[in-house]
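Here's the structure, in structure tokens; my notes come after.
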Amino acid sequence: EAGVTQFPSHSVIEKGQTVTLRCDPISGHDNLYWYRRVMGKEIKFLLHFVKESKQDESGMPNNRFLAERTGGTYSTLKVQPAELEDSGVYFCASSQRGPGQGNEQYFGPGTRLTVT
Amino acid sequence: DQQVKQNSPSLSVQEGRISILNCDYTNSMFDYFLWYKKYPAEGPTFLISISSIKDKNEDGRFTVFLNKSAKHLSLHIVPSQPGDSAVYFCAAYNYGQNFVFGPGTRLSVLP
């Protein structure tokens, strides 16, 4: 069974540009999550999809970030326009069950975003 | 304000000895705790978990202990192996809420 995949693995963009990150969850996992780790600090929750619906987007830092999951399969996270502080590693995770149901989330390898 | 803390950024242990990784939390509403292991250039991998109704959970060489009164949990690895060298993240959540991760502890197991 394929795990969670993310594309690209690394992206270097200039401040003000746009970047779109993609996540393909494990097949059959309705729950999809985005996280970010900045400068080796804690992994911070960004948002949670259940199928195509945003269940919780309380962690999204501001309106420059837009996540979508059309059709309830893969998800994209767009940053527009990118700022220097957006640099970090963006992880995607998926799970069969949602929070509160003993779920273990399976993480992708992450996309390292560098904004210069 | 960090709700999940891992105060040791790094830890070195000799192969075959016990590794003890610690985690403290501030939110008494957390119901479930997990440990993830992360190798370089990879995503975190689930290792072991414990519900707040238990004080110990064991899986092979890995044991997690939970002390609710102290809001403290620890991961014990016995015996430690070089392949255990990785960054270990403690995570917690309250039922219905999403994961809160600690900053991680880098474990180095020396041969």
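Heads up: the protein sequence lines correspond to chains S and X, in order. Heads up: the first sequence at position 100 corresponds to 100 in the numbering used here, and the numbers run straight through without jumps. Heads up: the second sequence at position 64 corresponds to 64 in the numbering used here, and the numbers run straight through without jumps. Just so it is clear, CB atoms sit at the ideal spot from N, CA and C, and this is done for glycine as well.
1. Check whether the Cβ atoms of asparagine 94/X and aspartate 31/X sit closer than 8 Å, and answer yes or no.
2. Could you tell me which whole beta strand (DSSP E) segments of length 3 or greater appear in the stretch 1 to 52 of chain S?
3. Let me know if arginine 36/S comes out buried or exposed under the rule of 16 or more other beta-carbons within 10 Å of its beta-carbon.
4. Name the chain X residues that come within less than 8 Å of glutamate 104/S, Cβ to Cβ?
5. Sort out for me which residues DSSP pairs leucine 113/S with in a bridge.
6. By how many angstroms is the C-alpha of proline 99/S removed from the C-alpha of serine 51/X?
7. Mind checking who tyrosine 95/X pairs with in its DSSP beta bridge?
8. So the beta strand (DSSP E) arginine 69/S belongs to, where does it begin and stop?
9. State yes or no: is the C-beta of glutamine 14/X within less than 8 Å of the C-beta of glycine 102/X?
10. To the nearest angstrom, how far is the alpha carbon of arginine 69/S from that of leucine 113/S?
11. If the cut is a Cβ gap below 8 Å, which residues of chain X does threonine 26/S touch?
12. Just list the residues that DSSP pairs tyrosine 106/S with in beta bridges.
13. Which residues, in chain order, does the stretch 11 to 42 of chain S contribute to contact with chain X at a C-beta distance below 9 Å?
14. Between aspartate 84/X and serine 19/X, is the Cβ-Cβ spacing less than 8 Å?
15. Using DSSP with H/G/I as helix, E/B as strand and the rest coil, what is aspartate 84/X?
16. For the beta strand (DSSP E) that contains phenylalanine 33/X, what are its first and last residues?
17. How many Å lie between asparagine 22/X and serine 74/X at the Cα?
Here's the rundown:
1. Numbered from its first residue, the second sequence carries residue 94/X at position 94. Numbered from its first residue, the second sequence carries residue 31/X at position 31. Result yes, Cβ atoms of asparagine 94/X and aspartate 31/X sit closer than 8 Å.
2. 5 to 7, 10 to 13, 19 to 24, 31 to 37, 43 to 50
3. One-based indexing of the first sequence puts residue 36/S at position 36. Buried, since its Cβ has 16 or more Cβ neighbours within 10 Å.
4. Translated into the one-based positions of the first sequence, residue 104/S becomes position 104. Neighbours of glutamate 104/S on chain X, chain order: Leu34, Phe46, Ser49.
5. For the purposes of this step, residue 113/S is taken as the residue at position 113 of the first sequence. Bridge partners of leucine 113/S according to DSSP: Ser11/S, Gly88/S.
6. Walking along the second sequence from the start, residue 51/X turns up at place 51. Walking along the first sequence from the start, residue 99/S turns up at place 99. So the alpha carbons of these two residues sit roughly 13 Å apart.
7. Here residue 95/X corresponds to residue number 95 of the second sequence, with the count starting at 1. The partner list for tyrosine 95/X (beta bridge, DSSP) is empty, contrary to what the question assumes.
8. Sequence index remark: in the first sequence, residue 69/S carries index 69 (1-based). Arginine 69/S -> no beta strand (DSSP E), and no H or E assigned at all.
9. Position 14 of the second sequence, counted from the first residue, corresponds to residue 14/X. Position 102 of the second sequence, counted from the first residue, corresponds to residue 102/X. Taking 8 Å as the Cβ cut-off, glutamine 14/X and glycine 102/X do not qualify as a contacting pair.
10. Taking the first sequence and counting its residues from 1, one reaches residue 69/S at position 69. Taking the first sequence and counting its residues from 1, one reaches residue 113/S at position 113. Roughly 20 Å between the two C-alpha positions.
11. Your numbering for residue 26/S matches position 26 in the first sequence. Residue 26/S is actually isoleucine in this sequence, not threonine. Neighbours of isoleucine 26/S on chain X: none; closest Cβ ~12 Å, over 8 Å.
12. Along the first sequence, one-based indexing puts residue 106/S at 106. Answer is Ser94/S, bridged to tyrosine 106/S.
13. Tyr33, Tyr35, Arg37, Gly40, Lys41, Glu42
14. By 1-based counting over the second sequence, the position of residue 84/X is 84. By 1-based counting over the second sequence, the position of residue 19/X is 19. Yes. Within cutoff.
15. Translated into positions along the second sequence, residue 84/X becomes position 84. Reduced to three states, the DSSP call for aspartate 84/X is helix.
16. Taking the first residue of the second sequence as position 1, residue 33/X is located at position 33. Segment 32 to 38, the beta strand (DSSP E) holding phenylalanine 33/X.
17. Residue 22/X sits at position 22 when you count from the first residue of the second sequence. Residue 74/X sits at position 74 when you count from the first residue of the second sequence. Roughly 4 Å between the two C-alpha positions.
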